[in-house]
Amino acid sequence: MNREIVSLKPSGIRRFFDIANEMDNVISLSIGEPDFSTPWHVREEGIRSLEKGKTWYSPNRGFLELREEISRWFARRYHVEYDPKTQIVVTVGGSEAIDLCIRTLV
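In short: position in the sequence shown from 1, add 412, done, that's the numbering used here.
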């Protein structure tokens with residue numbers, strides 16, 4: 413195996429996860445692993461999507477239908493209006509969302 417690959421050190425967040433995983437009564441915020449099983453309705457929709465051949469990457473900003481529903485949720489919950497076409501972006505995880513926020517502000 414390539415020596416450079418063998419000598420690579422694991423990322424800091426993975427090391428932190430390993431340390432926290434060995435301790436009792438620790439709430440680990442290192443990687444996005446929920447402490448509950450995926451709800452059945454989400455699993456079933458995933459299966460339906462696979463059966464329909466929906467296996468492609470999502471649009472960069474997220475699916476418009478999802479952004480529209482997020483906009484409606486914010487309106488119901490917080491009484492604020494966001495344009496789903498220009499003011500809402502869906503990311504694959506929290507790290508990506510934080511990265512986008514920092515890049516936007518800094």
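Where a beta carbon is used, it is the ideal one built from N, C-alpha and C, also for glycine.
Unbroken alpha helix (DSSP H) run spanning residue i, endpoints
| i | result |
| --- | --- |
| N433 | 424-433 |
| I417 | 415-418 |
Integer Cβ distance of residue i from residue j, believed to fall under 8 Å
| i | j | result |
| --- | --- | --- |
| T503 | L517 | Actually they do not touch by this definition, with Cβ atoms about 16 Å apart. |
| R484 | V501 | About 16 Å separates the two Cβ atoms, so there is no contact after all. |
The region 491-499 touching the region 474-481, judged by at least three CB pairs closer than 8 Å: yes
Please give the ranges of any alpha helix (DSSP H) in the region 460-507, keeping only runs that are unbroken, at least 4 residues long and fully inside the region. 476-490
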